[in-house]
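Asks: Just so you know, the protein sequences line up as chains A and B, in that order.
Take 1 as the starting number for the first sequence in my numbering and just add one per residue.
Take 1001 as the starting number for the second sequence in my numbering and just add one per residue.
Using N, Cα and C, we set each Cβ at its ideal position, and we do this for glycine too.
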Amino acid sequence: MVENVLELDDLTAYYKILKGDVKALDGVTFRVERGEILGVAGESGCGKSTLAKTLINREDPLKHISGEAILNDEDIMAMKEKEFRKRRLKNIAIIPQYALDAFSPTKKVKTHIKDIVREHQVKVNSKFWDKVKERFSLVNLDASVLDRYAMELSGGMKQRVIMIISSILDPDFMIADEITSALDVTSQRFVANMLANLRDQDIIGSAMFITHDLAIMYQIADRIMVMYAGHIAEIGPADMIMHNPSHPYTEALISSLPRVGIQHKDQRLEGIKGTPPDLIDIGPGCRFRFRCKYATERCTETPEREKIRDRHFVSCWNHEQLGSDSNE
Amino acid sequence: MSKNNNDDLLLSVEGLTKLFYSGIINKDVTVGAKDVSFEVRKGEIVSLIGESGSGKTTIGRMILKLLEPTDGKIYFKGQDITTLNSKEKKKEYYRNVQGVFQDPYSTFNSLFRVKRIFNMVFKTFMPEAKNKEEKILQAIDEVNITPELLDKYPHQLSGGQLQRLLIARALLLDVDILIADELISMLDASTRMGILNLLIDICKERGMAIIFITHDLNLGYYISDHTLILREGRLVERGDTKKIYKNPVHPYTQMLFESVPDRKEKWDRKEEFLPEQISEKIKEFYKENDKSDFQAVDENHYVLFGE
Chain A
1 MVENVLELDD LTAYYKILKG DVKALDGVTF RVERGEILGV AGESGCGKST LAKTLINRED
61 PLKHISGEAI LNDEDIMAMK EKEFRKRRLK NIAIIPQYAL DAFSPTKKVK THIKDIVREH
121 QVKVNSKFWD KVKERFSLVN LDASVLDRYA MELSGGMKQR VIMIISSILD PDFMIADEIT
181 SALDVTSQRF VANMLANLRD QDIIGSAMFI THDLAIMYQI ADRIMVMYAG HIAEIGPADM
241 IMHNPSHPYT EALISSLPRV GIQHKDQRLE GIKGTPPDLI DIGPGCRFRF RCKYATERCT
301 ETPEREKIRD RHFVSCWNHE QLGSDSNE
Chain B
1001 MSKNNNDDLL LSVEGLTKLF YSGIINKDVT VGAKDVSFEV RKGEIVSLIG ESGSGKTTIG
1061 RMILKLLEPT DGKIYFKGQD ITTLNSKEKK KEYYRNVQGV FQDPYSTFNS LFRVKRIFNM
1121 VFKTFMPEAK NKEEKILQAI DEVNITPELL DKYPHQLSGG QLQRLLIARA LLLDVDILIA
1181 DELISMLDAS TRMGILNLLI DICKERGMAI IFITHDLNLG YYISDHTLIL REGRLVERGD
1241 TKKIYKNPVH PYTQMLFESV PDRKEKWDRK EEFLPEQISE KIKEFYKEND KSDFQAVDEN
1301 HYVLFGE
């Protein structure tokens, strides 16, 4: 039987600012099964990082408006901060974006690790360090890294250290927010594989892999969720999304991705015209309709989510219009 | 590389080296670039590909005369520009060679309307020009920017719009070479193709050459005619883009291609992949091939076979 680690039901969170409500996350419903990696894709401003923040750390002006997020049978949205604190790192953990820059250059790596885990009432004893060293060897880091300064490490090595710290308490659910974005291509592959390996070895229960880079997401995600302007456009098995996209946005996004073997002389790739809408007090309707070539009158109504095949859902009135010729 | 002095040759870089010194007593030397040579012709797009610290930006900055080379020559239309010192000569050079950088927000002064960059171009380079307004409108029209945006402040525009304005500035100057340093890394997938296609069209229509500095091999393949692969300041492979991508010879180039994510095919997760092993592999490669320097492995495809 499939066990869900996380279930989101109509989760809505806005940035409450003077000018109005920025509807960055609007009625998001999905679940994450134990043992899977869910990729969350989308461009800047689509709500993918807001989703991560809503789940783990809401700070002003980000406010939870409605909806539930059930983690291991408990609604973490209804939880007080004091209560939720106990879950962080143990049940739900995050590898934040820009974590690479958070290392102080004057502290040794082991001091960093000590500081972080102490916050979470973990006993820092020799048993703990043995565990850290064991985890280090999993990702080809030498134990001597503990005695080095953060500035001596490359970006890829720092990212590995961060991932080991974040997963040290074997969390059920891990949010990986743009963990590969700041890295070189060679480190990207290693770090992405590392996330999948942590899952394979049951160190993390399941993960949400947030990135704007669909190509790297496809490498390790079991399912992919595509977001646009605070809504879920489409969610389904990774192969289906990449080879048979059913939402006009997904289709346009994937066909705009360059790949080795496509040169401008032979094939011209097109982007998507226009820019995402302003999310302040945005009204109903499909938010992609302004840039969509399939848009019709009906798109001023917010589309309902439709199940088009097993585990594959799409929110578009006109999804049947999409050609199946997207396979090139 | 054979020297042919035809009219198409715009830029020729020979043995370009940059060493950075740090420390006072124990001087530390960091290699920014070492013995880099390549040529750029009219209407050609050359991509300079490398990871962080490979020296790709350093090379771009030396060509733009923002950094002084330690050794080597840069010839622009036959003239060595590393020795250009007078203000007049430099201005003349910048009239023909311009750069566009990764972060467009830092290029604009946030206190002024974006139109200022165009007015400055006229003031600095073409004070005698007529029909200035008309020329500006024509340039921004080519990059799909509407005139009302000219009166806005940088923070009111998106990154993509600002990048377009910077390209329009280069168009206004009608430069021979545009150095695009990680030009579209900040842009979203859906908007960056528009800018890339725009650059390609301008290049082919006007005969402008582009040195496209990037870490993204997928983009590099799409845009460039020629590819230069850099590692730790040295070129390791150079030549025709399709040839290099089809048949990478240097172990470093091979590893780069193995790590590029593809939107159609997945990596083999069982395959052991350790980026740290590359230094050893390169040493072995140099030892096995008892050659030195760059050797041609095919027509217009050169590989570094020894340090």
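(1) Helix or strand or just coil, what does DSSP make of Gln-1161 (chain B)?
(2) Rounded C-beta distance between Ser-1190 (chain B) and Gly-39 (chain A)? I'm assuming under 8 Å.
(3) With the cut-off set at 8 Å, would you say Ala-233 (chain A) and Phe-288 (chain A) are in Cβ contact?
(4) Taking its Cβ as the centre, do 16 or more other Cβ atoms sit within 10 Å of Val-145 (chain A), making it buried, or is it exposed?
(5) Could you spell out the range, first to last residue, of the beta strand (DSSP E) harbouring Ser-206 (chain A)?
(6) Chain A beta carbons: is any one of them nearer than 8 Å to that of Ser-1158 (chain B)?
(7) Just to make sure I have the definition right: I need the residues of chain A whose C-beta is within less than 9 Å of the C-beta of Phe-1273 (chain B). Which are they?
(8) Can you tell me the Cα-Cα spacing of Leu-1198 (chain B) and Gly-1160 (chain B), whole angstroms?
(9) Please say whether Ile-1211 (chain B) and Gly-1032 (chain B) have beta carbons closer to each other than 8 Å?
(10) Taking the continuous beta strand (DSSP E) assigned at Phe-30 (chain A), which residues delimit it?
(11) Just how far apart, CA to CA, sit Lys-82 (chain A) and Arg-88 (chain A)?
(12) Which residue or residues does DSSP assign as beta-bridge partners of Glu-1109 (chain B)?
(13) Among the candidates A:Ser-49, A:Glu-43, A:Gly-42, whose CA atom is the shortest distance from the CA of Ala-13 (chain A)?
(14) Mind checking if Val-1040 (chain B) is an interface residue toward chain A, Cβ cutoff 8 Å exclusive?
(15) Give a yes or no on whether the minimum CB-CB distance between Met-163 (chain A) and chain B is below 8 Å.
(16) Can you tell which of B:Leu-1048, B:Met-1193, B:Gly-1099, B:Leu-1011 has the C-alpha that lies nearest to the C-alpha of Tyr-1075 (chain B)?
(17) To the nearest angstrom, report how far apart Met-1001 (chain B) and Gly-1015 (chain B) are at their CA atoms.
(18) To be precise: take each residue of the segment 190-219 of chain A, compare its Cβ to all Cβ atoms of chain B, and keep it if any distance is under 9 Å. Which residues remain?
(19) Give me the Cα-Cα distance between Ala-1347 (chain B) and Arg-34 (chain A), rounded to the nearest whole angstrom.
(20) Are the segment 45-63 of chain A and the segment 193-210 of chain A touching by the rule of at least three beta carbon pairs closer than 8 Å?
(21) With 16 as the cutoff for other CB atoms within 10 Å, does Ser-126 (chain A) come out buried or exposed?
(22) DSSP puts Gln-1079 (chain B) in a beta bridge; with which residues?
(23) Within this structure, are the beta carbons of Ser-206 (chain A) and Ile-94 (chain A) separated by less than 8 Å?
(24) Got a sec? Which residues, its chain only, sit under 6 Å from His-312 (chain A) by beta carbon, not counting five neighbours each side?
(25) Please compile the residues from chain B whose C-beta is within a distance smaller than 9 Å of the C-beta of Glu-336 (chain A).
(26) Counting only Cβ-Cβ distances shorter than 8 Å, please list the residues of the segment 1253-1269 of chain B near chain A, keeping chain order.
(27) State buried or exposed for Arg-1164 (chain B), treating a residue as buried only when at least 16 other CB atoms are found within 10 Å of its CB.
(28) Relative to the C-alpha of Arg-1263 (chain B), which residue among A:Gly-274, A:His-264, A:Arg-199, A:Glu-251 is closest?
(29) If the criterion is Cβ atoms closer than 8 Å, does the pair His-1215 (chain B) and Gly-1053 (chain B) meet it?
(30) What residues from chain B crowd round Pro-248 (chain A), counting only those whose CB sits closer than 7 Å?
(31) By how many angstroms is the C-alpha of Gln-1138 (chain B) removed from the C-alpha of Arg-148 (chain A)?
(32) Leaving aside the five residues before and after Trp-1267 (chain B) along the sequence, list all residues of the same chain whose C-beta is less than 6 Å from its C-beta, in chain order.
(33) Is the segment 16-26 of chain A in contact with the segment 71-81 of chain A, if contact means three or more CB pairs nearer than 8 Å?
(34) Counting Cβ pairs closer than 8 Å, one from the segment 1169-1189 of chain B and one from the segment 1096-1103 of chain B, do we hit at least three?
(35) For Glu-1299 (chain B), write down the residues that DSSP places opposite it in a beta bridge.
(36) For Tyr-1286 (chain B), which residues does DSSP report across the bridge?
Replies: Quick answer:
(1) Along the second sequence, read from residue 1 onward, the residue named residue 1161 (chain B) stands at position 161. In the structure shown, Gln-1161 (chain B) falls within a helical segment according to DSSP collapsed to helix, strand and coil.
(2) Position 190 of the second sequence, counted from the start, is the residue given in the question as residue 1190 (chain B). Position 39 of the first sequence, counted from the start, is the residue given in the question as residue 39 (chain A). The pair is not a contact, with the Cβ atoms about 18 Å apart (cut-off 8 Å).
(3) Taking the first residue of the first sequence as position 1, residue 233 (chain A) is located at position 233. Taking the first residue of the first sequence as position 1, residue 288 (chain A) is located at position 288. Yes, they are a contact pair.
(4) As a first step, residue 145 (chain A) must be located in the first sequence, where it is residue number 145. Buried.
(5) Reading the first sequence from its first residue, position 206 is the one you call residue 206 (chain A). 206-211 is the span of the beta strand (DSSP E), which, as asked, contains Ser-206 (chain A).
(6) Along the second sequence, read from residue 1 onward, the residue named residue 1158 (chain B) stands at position 158. Yes, Ser-1158 (chain B) lies at the interface with chain A (some Cβ there is under 8 Å from its Cβ).
(7) In the second sequence, residue 1273 (chain B) corresponds to position 273, counting from 1. Going along chain A in sequence order, the residues near Phe-1273 (chain B) (Cβ under 9 Å) are Thr-186, Arg-189, Phe-190, Asn-193.
(8) Looking up residue 1198 (chain B) in the second sequence gives position 198. Looking up residue 1160 (chain B) in the second sequence gives position 160. So the two alpha carbons sit approximately 12 Å from each other.
(9) Indexing the second sequence from 1 puts residue 1032 (chain B) at position 32. Indexing the second sequence from 1 puts residue 1211 (chain B) at position 211. No.
(10) Within the first sequence, the letter at position 30 stands for residue 30 (chain A). Unbroken beta strand (DSSP E) run through Phe-30 (chain A): 20-33.
(11) Here the question's residue 82 (chain A) lines up with position 82 in the first sequence. Here the question's residue 88 (chain A) lines up with position 88 in the first sequence. Going by the C-alpha atoms only, they are around 11 Å apart.
(12) Here the question's residue 1109 (chain B) lines up with position 109 in the second sequence. According to the sequence provided, residue 1109 (chain B) is Asn. The question's Glu does not apply to it. The partner list for Asn-1109 (chain B) (beta bridge, DSSP) is empty, contrary to what the question assumes.
(13) Along the first sequence, one-based indexing puts residue 13 (chain A) at 13. It is A:Ser-49 whose Cα lies nearest to the Cα of Ala-13 (chain A).
(14) One-based indexing of the second sequence puts residue 1040 (chain B) at position 40. No, Val-1040 (chain B) does not count as interfacial toward chain A.
(15) The sequence position of residue 163 (chain A) within the first sequence is 163, counting from 1. Cβ-Cβ to chain B under 8 Å: no for Met-163 (chain A).
(16) Taking the second sequence and counting its residues from 1, one reaches residue 1075 (chain B) at position 75. Closest option to Tyr-1075 (chain B), Cα to Cα, is B:Leu-1011.
(17) On the second sequence, residue 1001 (chain B) is found 1 positions in, with the first residue counted as 1. On the second sequence, residue 1015 (chain B) is found 15 positions in, with the first residue counted as 1. With a pLDDT of 44 at Met-1001 (chain B), under the threshold of 50, the predicted position of this residue should be treated as unreliable, though the coordinate-derived value follows. So the two alpha carbons sit approximately 12 Å from each other.
(18) Phe-190, Ala-192, Asn-193, Ala-196, Asn-197, Asp-200, His-212, Asp-213, Leu-214, Ala-215, Ile-216, Met-217, Tyr-218, Gln-219
(19) The shown model of chain B, from 1001 to 1307, leaves out residue 1347 (chain B), and the question about it has no answer.
(20) yes
(21) Mapped onto the first sequence, residue 126 (chain A) falls at position 126. Around the Cβ of Ser-126 (chain A), a 10 Å sphere holds fewer than 16 other Cβ atoms; the residue is exposed.
(22) As a first step, residue 1079 (chain B) is located in the second sequence; it is residue number 79 there, counting from the start. BP columns for Gln-1079 (chain B) point to B:Phe-1076.
(23) Here residue 206 (chain A) refers to the residue found at position 206 of the first sequence. Here residue 94 (chain A) refers to the residue found at position 94 of the first sequence. Against a cut-off of 8 Å, the Cβ pair of Ile-94 (chain A) and Ser-206 (chain A) comes out as no contact.
(24) Counting from one through the first sequence, the residue named residue 312 (chain A) turns up at place 312. Answer for His-312 (chain A): Gly-236, Met-240, listed in chain order.
(25) In this structure chain A extends from 1 to 328, so residue 336 (chain A) is not present and cannot be described.
(26) Met-1255, Leu-1256, Phe-1257, Glu-1258, Ser-1259, Val-1260, Pro-1261, Asp-1262, Arg-1263, Lys-1264, Lys-1266, Trp-1267, Arg-1269
(27) Looking up residue 1164 (chain B) in the second sequence gives position 164. Buried.
(28) The sequence position of residue 1263 (chain B) within the second sequence is 263, counting from 1. Residue A:Glu-251 is the option with its Cα nearest to Arg-1263 (chain B).
(29) By one-based count along the second sequence, residue 1215 (chain B) stands at place 215. By one-based count along the second sequence, residue 1053 (chain B) stands at place 53. It is not a contact, given that the beta carbons lie outside the stated cut-off.
(30) Residue numbering aside, residue 248 (chain A) sits at position 248 when the first sequence is read from its first letter. What Pro-248 (chain A) touches in chain B: nothing, since even the nearest Cβ is about 12 Å away.
(31) Against the first sequence, residue 148 (chain A) aligns to sequence position 148. Against the second sequence, residue 1138 (chain B) aligns to sequence position 138. Each residue's alpha carbon lies about 56 Å from the other.
(32) Looking up residue 1267 (chain B) in the second sequence gives position 267. Within the same chain, Trp-1267 (chain B) has no close Cβ partners at all.
(33) no
(34) yes
(35) Along the second sequence, read from residue 1 onward, the residue named residue 1299 (chain B) stands at position 299. DSSP output for Glu-1299 (chain B) lists no bridge partner at all.
(36) Taking the first residue of the second sequence as 1, we reach residue 1286 (chain B) at position 286. The partner list for Tyr-1286 (chain B) (beta bridge, DSSP) is empty, contrary to what the question assumes.
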